[in-house]
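Report on the following structure.
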Amino acid sequence: MSTMNWKRRFTLCECAVMVLLLGHMTSALEVPLDSKVLEGLPQPPTITHQSPKDYIIDPRENIVIHCEAKGNPHPSFSWTRNGTHFDVEKDHKVITRSNSGTLVIDISEEKAEAYEGVYQCMARNEHGTAVSNNIVIRQSKSPLWSKERNEPITVQVGVSLILHCRPPAGLPPPIIFWMDNNFQRLPQNSRVSQALNGDLYFSNVLAEDTRNDYICYARFPHTQTIQQKQPITVNVLNDRPAGERKPSFMYPSGDSSTVSVLRGETLELECFADGLPTPEISWTKANGDLPNDRFSFHNFQKTLKITEVMEADGGDYHCLARNRLGNAQHIITVVVKAAPFWISAPRNLVLAPKEMGMLICHVGGNPKPTITWLVNGVPIENSHKDPSRKIEDNTIILSDVQTGSSAVYQCNASNEFGYLLANAFVNVLAEPPRVLTPPNYVYQVISNRQAMLDCASFGSPIPKITWFKDGQTAIVNGDSYILHENGTLQINVAQPLNSGKYTCVATNSLGNRENHVYLEVKEPTRILKQPEYKKVQRSSKAVFECKVKHDPTLIPTMTWLKDNGELPDDERFVVDSDSLTINDVTQEDEGTYTCIMNTTLDQDSASATLTVVEATAAPPIIYERPDPPRDLELTDQKERSVQLTWTPGDEHNSPVQSFLIQYEDSLHEQDVWNNMTEVPGTSTTAHLDLSPYVYYSFRVLALNDVGLSEASIPSNQYRTNPASPDENPSDVEGTGTEPDNMVISWNEMTGLQSNGPGLQYKVSWRQKDTDEDWMSIIVANVSEYVVTGTPTFVPYEVTVQAINDYGSGPKPEVVLGYSGEDRPTMAPESVKVLVQNSTVAEVHWEPIPPSTVKGKMLGYKVSYWKEKSLQKEDSKPEKPQELTFSGNETEGRLPDLQPYSQYSINVRAFNGKGDGPPSTNQKFETPEGVPGPPTFLRITNPNLESFTVEWGPPVDDNGRITGYILKYQPINNTEELKEMTLLANETSVILENLKYSTRYKFYLNAMTIKGSGPIVTTAITIMDEALIRQPAVEAGKARPVGPVFGSVNFSLEEDHAILNWEYTGDENNVYVEYMLDNSKEAWKREAVNGSRTYQLKSLKAGMTYRVRVVAKDHGDATVHSTEELLIAVPAMTSRQVDIATQGWFIGLMCAIALLILVLLIVCFIKRNKGGKYPVKEKEEAHQDPEIQPMKEDDGTFGEYSDTEDHKPLKGSRTPSNGTVKKDDSDDSLVDYGEGGDGQFNEDGSFIGQYSGKKEKDTAEGNESSEAPSPVNAMNSFV
């Protein structure tokens, strides 16, 4: 029997939690130490707290070495240092804490190095000695950087470069980073990055890498000090740049290297490559994939990090550096070693005298650890001999233990990489049972929830717990109850009938003890009417209702919240028992109101939003879908749950009603989003229950009255660890397909339900109500299993349990199945037929014995068929009809029989497999019935006053035809209906003396001795011209006669055709139908509503149409039609357009007129300011030496005049080159008088005399004939 099967837990309500397990083999148990309950119970020492094995101390603080232990009596403590006894009382700087073994060493006046060493604590009492780990005390160190002088480094653009850090060795090692003089971190990327040892690698350098402040810093975390290296200067030259090259490795060097790592630690592999362009780094593992859930890339893919290393992680890892010129590969061989690790640590044993037990020290490691045993801190080979103790490698076997042989055993497992030390006591006790749960405790639980009734006990040997309800038979494990190993009774779904008194009895060989508890199952609290969303006007009243139902024995408390806080302290807020009223509403009252109904056991809540609007009319509010939530964050991350928080987006005037949370499982169904849960619109967090072995991503959508928002950006991925299945396959069935098999089927579980890799199904079955053992088989990737060799239709108990690599699912539910069916083997007997009338009969039979059913009885099938008609000798048998009667019915009705016929009938049983043998055919006859309608009724040989009525005998005579009845009368006339009785052999009659132009209707039916059959009708109008012959009328229908068309005429207007026609008759379904000539399309039609004239507006110009007028019956069949008319619609003639009335033409004319007016104004101004400049003569008269050269070289100023008159120019002067100087003033001319003397202007230019006489233009010498400059024209407006 495995020691793991004895793990038990005991919960003490309102007392200390105590756990105990006793039995023939017991482990992982502690003796409860609550003095009020178990005063004086002995227990060997147990170390409860100790300092870590490698303890690095801060020299600025006192040294505290922890050692805490428990036991009864309380243990005493002693220490060793470096393997020898450490007398703490002789060192005044060492203090031992009260009731503890913890040492506090004052080093304020002493160097910490004096107390470095290996310490071990021992806790002992009269029942044994427990020892701590070897605690190595070392002082933290943060040494200074060695002095060095760094010479500037000069490199060419494009070469690779390594800047070495070489930090001082500290304890613990420092954290390295590179910064500049301004204490800003140096940027790193795929080209420049830092190695684990602190060196800075450049795959290729650029000109901007030139700087004089590359500084390596080392931060020592224990002492919180930072040391810096001397700055390094790098000069990058560009006179001989390096060319492009394929990658090569700077680190590690060569083609391969080896790295060792310990199991459970973190493996970090790195590669740095030289190359231009900058190489890209990728990683692969030979003969395998990287561990999906434990690896990550860092430092721009240059570092591969694998956490919690396992033996399977060993092997060759390929680092590949690639650029467009080629690639390089380095192989790193990873060797995984392992310090000792626990597979199963030894557990405490509590044994009764004469019992036996085992201490197992199961460890792993590489190389394999050496295991040594100690007892009370002494090597077991040096301790006193104990005949009840036997050592076998990693196991100590104890047998026939005696009182007083309690001790503490130590297991030490070690190899070259470390050691493990575990204490496990053996406590030999003889104690009668004690129930630790308080007596008469009352448990209250809400209906349909789980109830847990505790029965915590203690005793040695371990007591057996038995439960009774209301003093009756002992409760056993089943669907309703679960008995836990710790004595707790679990009721999965508590119902009112589970209320009552429960008694638990604890029994061992030394006695028994019982305890009584009570269970009360209460009704749940439910809000029956929830508060609703309110939109009210300012200063009005808002009422929120919240009606609740609760258990009458529980005291309810109603609480109202506003925006998840208390209601305002305002008398306007009135809280009643089931409502909240807000009087004189203000804008500040807007928000979400929540009613919460609390009882001592449960609560229910509901929320609604209040929106306040102005009383005056407001512009319409635009309501839109909400914006998607944002800022998704995962918090409170646990193995099976996580907290998701988000920030809502804009509601767009419509409050968010709820948030829909979806998830994606990228491990099993990538890019598939599933709905997970929905929370109220007032929430911004959700607690999500998770399944194992899922790679979750979450997103949130918001819902308001308008609709659902877009999805938010997904959250970060959250991965859960594998575990054993939480559930088993659903819809388990056992159904046979053959008489000797049973197919066990189920719904395959999804990847989300599997909880881990290696999903399989354990299929079990056994025949019900027998002593047979369960048969089982394990299958995978299927949804059914076929059990062969079974008896026919026998009940089986069937289970299907899910299993994966991490364990089995819960105990599966037992399902009742059946093996395959066979057909019934016996036919029903005593079949009798009782004829009720001509169309109905009753059949009766005796049921077959259950033993002959051979399956699940589904019912009986009655087959019957018409053999022949008793009237017609040449009739043939008809196809059999079948009626099914379910269950164990033994009679049934046969409807819709043919009168006057002979029938045969038989009965057979059927089950899920098929039909059994039929009974012997029985014959019966049906009596005569009324006949069917005549096959046709038609009018022939019409003339002005008579015609012939013809008909055909009924198809279904249903007996012997005795005659016919013909009735007729004018339609819409008060004349009496005339009736004629005709013989059975007659099929026509001539009617005379009828009125012409009168419409008659005729009625005809056949007769048998049972009565008259259904009537057929027809109608005809007696006209004074020949009638168009009509086809025969089917039985039961009237022939459409009467309405006819006269002449049809049409006329064409500009955009439509007008049709006129003559029409007689009383039919109203008249239509005009038309279609394009030579078209294959269907006729289009328009109703005329009783008119004789119609405008057809749907015709297109230039097209030819076929048109007709038709009359239709109520079945939409055409009964009359005019001749087709051919209507050619002329093409539309173009209309003359008077251009003078067009808007665009008028606008154009106005624009031209305005332009002419502007030009006239400009010409008028120019005329007033124009004139002649007679300067030529003056220049010739006054031969200025400065002007003469100008005349010779560039031409002289000639006469400047307007072409129409020679009025003086009253504007600015224009140079001979046609330009205007900006410095010349418009007011620089003086005294423009007629016959005035010539003068100089302000800049010294000669103006000369201006004449107002009109003279002819001359062209003498170098006179200018140029037109006035545009600039001059502009100046003339000044």
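Following my numbering, the numbering of the sequence shown begins with 219 at its first residue and continues without gaps. Glycine included, every Cβ here is placed at the ideal spot set by N, Cα and C.
> Can you tell which of W685, A387, S717 has its C-alpha closest to the C-alpha of L707?
Replying inline: W685
> Straight-line CA distance for T1421 to G1365?
Replying inline: Since pLDDT at T1421 reaches only 39, below the 50 mark, its modelled position is unreliable, and no value is offered.
>> I'd like the list of long-range same chain contacts for T502, defined as Cβ closer than 6 Å, with 5 residues on each side in sequence excluded.
In response: Here T502 has H536 as same chain residues with Cβ atoms under 6 Å from its own Cβ, once five neighbours each way along the sequence are excluded.
>> For a quick check, are the C-beta atoms of E1197 and I1183 less than 9 Å apart?
In response: yes
> When burial is assigned at 16 or more other CB atoms within 10 Å of the CB, is M967 buried or exposed?
Replying inline: buried
> Quick one: what does DSSP say P1433 is sitting in, helix, strand or coil?
Replying inline: Only weak support exists for where P1433 lies, its pLDDT of 39 falling under 50; the coordinates are left without a value.
> Roughly how many whole angstroms lie between the Cα atoms of V477 and P439?
Replying inline: 27 Å
>> One question on the structure: do G1007 and P957 come within less than 9 Å of each other, judged by their Cβ atoms?
In response: no
>> Within 10 Å of its beta-carbon, does G718 have 16 or more other beta-carbons around it, so buried, or fewer, so exposed?
In response: exposed
> When the Cα of V1290 is compared with those of T1340, D1331, T1322, L1270, which residue comes out closest?
Replying inline: T1340
>> Could you compute how far the alpha carbon of N633 sits from the alpha carbon of L389?
In response: 24 Å
> Leaving out the 5 sequence neighbours to the left and right, which residues in its chain are closer than 6 Å to P1258 when beta-carbon positions are compared?
Replying inline: The predicted model places P1258 with a pLDDT of 42, which falls under 50 and marks its position as unreliable, so this point remains unresolved.
>> Just to confirm before moving on: does the CB-CB distance between N716 and L737 stay below 9 Å?
In response: yes
> Rounded to a whole number of angstroms, what is the C-alpha to C-alpha distance between E426 and V454?
Replying inline: 8 Å
>> Any contact between the region 568 to 588 and the region 620 to 637? By contact I mean 3 or more CB pairs, one from each, below 8 Å.
In response: Counting Cβ pairs under 8 Å, three or more are found: they touch.
> What residue range is occupied by the uninterrupted beta strand (DSSP E) comprising D381?
Replying inline: Strictly speaking, residue 381 in this sequence is Leu, with Asp absent from that position. That run of the beta strand (DSSP E) goes 379 to 381.
>> On the DSSP bridge list, what partners appear for C434?
In response: W396
> Cα-Cα, which of I433, S1265, Y333 is closest to R202?
Replying inline: Past the edges of the chain, shown from 219 to 1496, lies residue 202, and the structure says nothing about it.
> Going by DSSP, what residues sit across from M340 in a beta bridge?
Replying inline: S296, V349
> Start and end of the beta strand (DSSP E) containing L1209?
Replying inline: Element bounds for L1209: 1206 to 1209.
>> For the pair the region 987 to 997 and the region 905 to 913, tell me if three or more CB-CB distances fall below 8 Å.
In response: Remark: fewer than three beta-carbon pairs, one from each stretch, lie closer than 8 Å, so the region 987 to 997 and the region 905 to 913 are not flagged as touching.
> Per DSSP, which one or two residues make a beta bridge with G783?
Replying inline: Looking at the DSSP output, G783 shares a beta bridge with K780.
>> Going by beta-carbon coordinates alone, are I218 and F1263 separated by less than 9 Å?
In response: The structure shown does not extend to residue 218, since the chain is modelled only from 219 to 1496, so the question has no answer here.
> Among the residues of its own chain, which have a CB less than 7 Å from the CB of E331, if the five just before and after it don't count?
Replying inline: Q357
> Which class does T721 belong to by DSSP, given the choice of helix, strand or coil?
Replying inline: strand
>> Using a 10 Å radius around the Cβ and a threshold of 16 neighbouring Cβ atoms, would you call T588 buried or exposed?
In response: exposed
>> Between the alpha carbons of K780 and A712, how many angstroms are there, rounded?
In response: So the alpha carbons of these two residues sit roughly 35 Å apart.
> Quick one, which of P1151, R278, S963 has its alpha-carbon nearest T443's?
Replying inline: The shortest Cα separation from T443 among P1151, R278, S963 belongs to R278.
> Excluding the five sequence neighbours on either side, which residues of its own chain have a C-beta within less than 6 Å of the C-beta of V193, listed in chain order?
Replying inline: The chain is shown from 219 up to 1496; residue 193 falls before or after that span and cannot be answered.
> Is it true that the CB of Q547 sits closer than 9 Å to the CB of A539?
Replying inline: yes
> To the nearest angstrom, how far is it from the Cα of S253 to the Cα of M815?
Replying inline: Its pLDDT being 49, under 50, S253 is placed unreliably by the model, and nothing is read from it.
> Tell me, which residues are paired with D822 by DSSP?
Replying inline: M815
> So V663 packs on V739, CB below 8 Å; how close in whole Å?
Replying inline: 6 Å
> So is V694 buried or exposed if we call it buried at 16+ other beta carbons inside 10 Å?
Replying inline: exposed
> Apart from the five residues just before and just after N645, which ones in its own chain have a Cβ nearer than 8 Å to its Cβ?
Replying inline: V249, P260, Q261, P262, H345, N566, L567, V568, L569, S624
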